[in-house]
Structures are given as structure tokens and as C-alpha cells.
Amino acid sequence: MGSGDTLRVLGKCLDVKAAGPAGKTPVGIYDCNGSGAQVWKPQSNGALLNQGSGKCLDIPAASTEGGAQVQIYACNGTNAQKWNLP
């Protein structure tokens with residue numbers, strides 16, 4: 002986790018596209034701006050809860066295919082929402 006509960010890579014932050022609150026909204030990397038769309042709270046079950054949307058980081062259908070588009074989705078405790086952080 003980066004400062005302020007952000008996930009950072011290559012100087013960018015993991016961000017919910019257009020700060021969308023709806024399930025299945027795509028997640029990508031964008032310039033860090035401190036918005037709720039970029040704040041992720043680790044949960045005890047391994048999920049990452051997005052502060053802005055109240056939804057969890059999710060891989061559709063728990064896909065293991067390279068290049069799968071991550072999204073936010075209602076938190077449900079499935080393997081599609083379990084993440085390992087360093």
C-alpha cells in the first residue's frame with residue numbers, strides 16, 4: 002500500500018474509472034489525486050474495499066486469464082476479491 006491507503010505502480014494510483022459507484026466499473030491506473038476513487042482499505046478476508054464506492058476490487062468471474070480487466074463489485078467474499086499484499 003502507498004501513502005494514504007493508495008495502491009501505487011509506476012508513479013500512478015489504482016483508481017476507479019470516473020469515480021463511478023456502480024458495480025462492474027473498471028479500475029485502472031491514473032495520476033494520484035487523493036480522491037476516494039483511489040483509497041483502498043484492506044479487509045480481514047483479503048478483499049480491498051474502495052472508499053469512494055463502498056465496493057471491492059474484483060476480477061470478473063475470478064478469471065485467471067492474463068490481461069483480465071479488474072473492476073469494482075459488491076463485496077461478496079469470493080476468490081475473485083481476495084488479494085495478497087506485501
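Heads up, the final residue of the sequence shown is numbered 87 in the working numbering, and it's a clean run with no missing numbers.
Virtual Cβ for every residue (Gly too), placed ideally from N, Cα, C.
#### Entry: Unbroken beta strand (DSSP E) run spanning ASP59, endpoints
On the sequence shown, residue 59 is found 58 positions in, with the first residue counted as 1. From DSSP, the beta strand (DSSP E) with ASP59 extends over 57-59.
### Task
To the nearest angstrom, report how far apart CYS76 and SER64 are at their CA atoms.
Within the sequence shown, residue 76 is the residue found at index 75, counting from 1. Within the sequence shown, residue 64 is the residue found at index 63, counting from 1. C-alpha separation (whole angstroms): 17 Å.
#### Entry: VAL28 beta carbon less than 8 Å from that of LEU58
Counting from one through the sequence shown, the residue named residue 58 turns up at place 57. Counting from one through the sequence shown, the residue named residue 28 turns up at place 27. The answer is yes: Cβ separation under 8 Å.
### Query
Just the Cα atoms here: how many angstroms apart are LEU11 and ASN80?
Sequence index remark: in the sequence shown, residue 11 carries index 10 (1-based). Sequence index remark: in the sequence shown, residue 80 carries index 79 (1-based). LEU11 and ASN80: Cα-Cα distance of roughly 26 Å.
#### Entry: Buried or exposed (CB count within 10 angstroms, at least 16 for buried), LYS56
Locating residue 56 in the sequence shown gives position 55, counting from the first residue. Flag for LYS56 reads buried.
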